[in-house]
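Taking it in order: structure first as structure tokens, then the write-up.
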Amino acid sequence: MATLLCFIYFIVLTVMGFYLVYKPYGVISAPFDRSLKMRCTGTELLLIFIFATGLIGLMPVLSIRLAVLEVLCIIGIYKSHSSPVFSFPIILFFIFLLWEIWGLSYTPSVEFGFRMILKYIYPLLLALFASSVVRDREIILKSMLNARWVAVFTIFIWFVPIFLPLFTGVFWNRAALATHYITMGIISLALSLYSNKKTKNLIFFVIFSLPCFIWVFRTDIMGLFVALSAFALIKYRLKAVPVILLLVVVSVASLFYIPSIKAKMYFRPDEVSLNDFLTGNVDENNINTSGRGLVWEDCKQWFYEDHELIGSGTGRVQKYMYTEVVGWRRGGQIHSDFLVLLCDNGIVGLSLYIVSTLGVFIHCIYIYNKKKYSVVLRLCAIIAGSSLLGVVVTMYSDNTLSYSMATLSYPWGIYGMVLGLQRKEMQL
Numbered sequence: 042m043a044t045l046l047c048f049i050y051f052i053v054l055t056v057m058g059f060y061l062v063y064k065p066y067g068v069i070s071a072p073f074d075r076s077l078k079m080r081c082t083g084t085e086l087l088l089i090f091i092f093a094t095g096l097i098g099l100m101p102v103l104s105i106r107l108a109v110l111e112v113l114c115i116i117g118i119y120k121s122h123s124s125p126v127f128s129f130p131i132i133l134f135f136i137f138l139l140w141e142i143w144g145l146s147y148t149p150s151v152e153f154g155f156r157m158i159l160k161y162i163y164p165l166l167l168a169l170f171a172s173s174v175v176r177d178r179e180i181i182l183k184s185m186l187n188a189r190w191v192a193v194f195t196i197f198i199w200f201v202p203i204f205l206p207l208f209t210g211v212f213w214n215r216a217a218l219a220t221h222y223i224t225m226g227i228i229s230l231a232l233s234l235y236s237n238k239k240t241k242n243l244i245f246f247v248i249f250s251l252p253c254f255i256w257v258f259r260t261d262i263m264g265l266f267v268a269l270s271a272f273a274l275i276k277y278r279l280k281a282v283p284v285i286l287l288l289v290v291v292s293v294a295s296l297f298y299i300p301s302i303k304a305k306m307y308f309r310p311d312e313v314s315l316n317d318f319l320t321g322n323v324d325e326n327n328i329n330t331s332g333r334g335l336v337w338e339d340c341k342q343w344f345y346e347d348h349e350l351i352g353s354g355t356g357r358v359q360k361y362m363y364t365e366v367v368g369w370r371r372g373g374q375i376h377s378d379f380l381v382l383l384c385d386n387g388i389v390g391l392s393l394y395i396v397s398t399l400g401v402f403i404h405c406i407y408i409y410n411k412k413k414y415s416v417v418l419r420l421c422a423i424i425a426g427s428s429l430l431g432v433v434v435t436m437y438s439d440n441t442l443s444y445s446m447a448t449l450s451y452p453w454g455i456y457g458m459v460l461g462l463q464r465k466e467m468q469l
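What follows is the structure, given as structure tokens:
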């Protein structure tokens, strides 16, 4: 029954997406006042729709759904009145994609390589689509607020177990959701600073921050602290150093003074103290990598060593995990997208990816500090830059790339909104 429902939802969402992209215009309620109506083009409605439904993964048809979304973004770019904005970070990411495509020439599996490229390309397509569509702040705010309400709904489902069976396979798993909540938390934090509903938005920030601690997801705790540090750096620049140092202290302390986190971090938590960590006397065999360590060592030895510069080909690690590995690891992930990049495309591939990400972050700092831009544009810049850095950090020990529909696409999509609104304001 759950699988059948997922297929039905997929058909409904797909039909709705194509209906919107070809729709001339529609009327929806304004972001902060439902009594007010605003007229939107079909492509604007599609952008709002994509942001609102990104958490609907539909596991039985996940890959097909991702491909459909990419097709919709391409059609949306074609039908938009404006052309997409190709900023310098966007161009850098295109160079990264060209490197990935070249990696198909020496991969043992073009099929898996192509699947990897589809995962890499979706956040970029959404950013380009958003940059070609966004012309005013209402579309931005409507997209963010709708996405936030859906995220709140997923939290409700996961923490009220009686409803969970009704949505089996519909929404993304908890790992993807926790990473998604980083962006939603940053959106709420930014709105608390730039809107007149500070308390409400701070409550939302707390709500989105709690799941990674309750579920004891170490990677997402790290991502949240990095996102907050990036947020402070963009807003306060060098004055943010004390705040960042405080966040570092709190994050390290959480590893030792929150029992659930410490118990998950070490096999024998009672044998490790904060002093051991600070002096470098922690026994590596006592660190619980949740099975990652052995897989990481195998992949580094077989696909990275002796191929350090260019790797073993795009999709090589995925081919190994799906067709070559035996036992409990078969069909799974290695839980480190950075290592996947190293093994598949070498130091060059990983460097290009990180440089393009840092390019977005630096561009967002530049835009935020230009007082001539509107409050909403600067708000989007601080959200995009800080949340992207926090989400990308989770790639160190999670499958963030595989969850890109729910994770990486949101910061990149908001960055696209930044580019679109910046172009509009520069024309005024």
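Converting from the sequence shown to the working numbering requires adding 41 to each position, the first position being numbered 1.
The beta carbon of each residue, even a glycine, is placed where N, CA and C say it ideally should be.
Since we're looking at a predicted model, the values are computed, not measured.
query: Taking the beta carbon of H122 as the centre, do at least 16 other beta carbons fall within 10 Å, making it buried, or is it exposed?; result: exposed
query: Can we say the segment 141–152 touches the segment 110–128, given the rule of at least three CB pairs closer than 8 angstroms?; result: no
query: Do S172 and I275 come within 7 angstroms of each other at the CB atom, strictly closer than that value?; result: no
query: Mapping DSSP to helix, strand and coil, what is G332?; result: coil
query: Just verifying my parser: in three-state terms, what is the DSSP assignment at R309?; result: coil
query: What first and last residue would you give for the alpha helix (DSSP H) that runs through I115?; result: 103–120
query: What do you get for F402, buried or exposed, if any count of 16 or more other CB atoms within 10 angstroms of its CB means buried?; result: buried
query: When you compare only the Cα positions, how much space is there between S250 and K305?; result: 19 angstroms
query: Report the option in L45, M458, I285 whose CA atom is closest to the CA atom of M100.; result: L45
query: Touching or not, the segment 85–97 and the segment 182–198, by the rule of three or more beta carbon pairs under 8 angstroms?; result: yes
query: For a test of your reading of the model: does the CB of W343 fall under 6 angstroms from any non-hydrogen atom of the ligand SAH? Yes or no.; result: Absence of the ligand SAH is noted for the structure shown, with no ligands found whatsoever.
query: Can you grab the Cα-Cα spacing for the pair F48 / L166, in whole Å?; result: 25 angstroms
query: Mind checking which residues open and close the beta strand (DSSP E) that includes S70?; result: 66–70
query: Closest by CA to V416, which one among E466, P206, W337?; result: E466
query: Following the continuous beta strand (DSSP E) through T82, name the residue where it begins and the one where it ends.; result: 78–82
query: Would you identify the three-state DSSP class for I351, choosing helix, strand or coil?; result: coil
query: In chain order, which alpha helix (DSSP H) runs of at least 4 residues are fully inside the segment 242–319?; result: 259–277, 282–298, 300–306
query: Below 8 angstroms CB to CB, which residues in the same chain sit around R333 once its five sequence neighbours on both sides are set aside?; result: I375, H376, S377, S438
query: Buried or exposed for W199, please, with buried defined as at least 16 other CB atoms from any protein chain shown within 10 angstroms of its CB.; result: buried
query: Identify, in the order they occur along the chain, each residue of the same chain with its Cβ nearer than 6 angstroms to the Cβ of A425, setting aside the five sequence neighbours on each side.; result: C405, P452, I455, Y456, V459
query: With contact counted as at least three CB pairs below 8 angstroms, one residue from each stretch, are the segment 406–414 and the segment 190–205 in contact?; result: no
query: Is the distance from the Cβ of G58 to the Cβ of W213 below 7 angstroms?; result: no
query: Check whether the Cβ atoms of P125 and L169 sit closer than 7 angstroms, and answer yes or no.; result: yes
query: To the nearest angstrom, report how far apart D347 and R176 are at their CA atoms.; result: 49 angstroms
query: Using beta-carbon positions only, say whether G356 and T148 come within less than 7 angstroms of one another.; result: yes
query: Once the 5 residues before and after I116 are set aside, which same chain residues still bring their CB inside 7 angstroms of it?; result: V62
query: Identify every residue that forms a DSSP beta bridge with F194.; result: According to DSSP, F194 bridges with nothing at all.
query: Any idea what DSSP makes of I131, helix, strand or coil?; result: helix
query: May I have the straight-line CA-CA distance separating W256 from P65, to the nearest angstrom?; result: 44 angstroms
query: Just the Cα atoms here: how many angstroms apart are L230 and A422?; result: 13 angstroms
query: Among all the DSSP beta bridges, which residues are the ones paired with F212?; result: I97
query: Applying the criterion that 16 or more other CB atoms from any shown protein chain within 10 Å of the CB defines a buried residue, is E179 buried or exposed?; result: buried
query: Name the residue from L296, G321, L269 whose alpha carbon lies nearest to the alpha carbon of P310.; result: L296
query: In the structure shown, what three-state DSSP assignment does Q342 receive?; result: helix
query: What whole-angstrom Cβ distance do S450 and Y163 have, given they're in contact under 8 angstroms?; result: 6 angstroms
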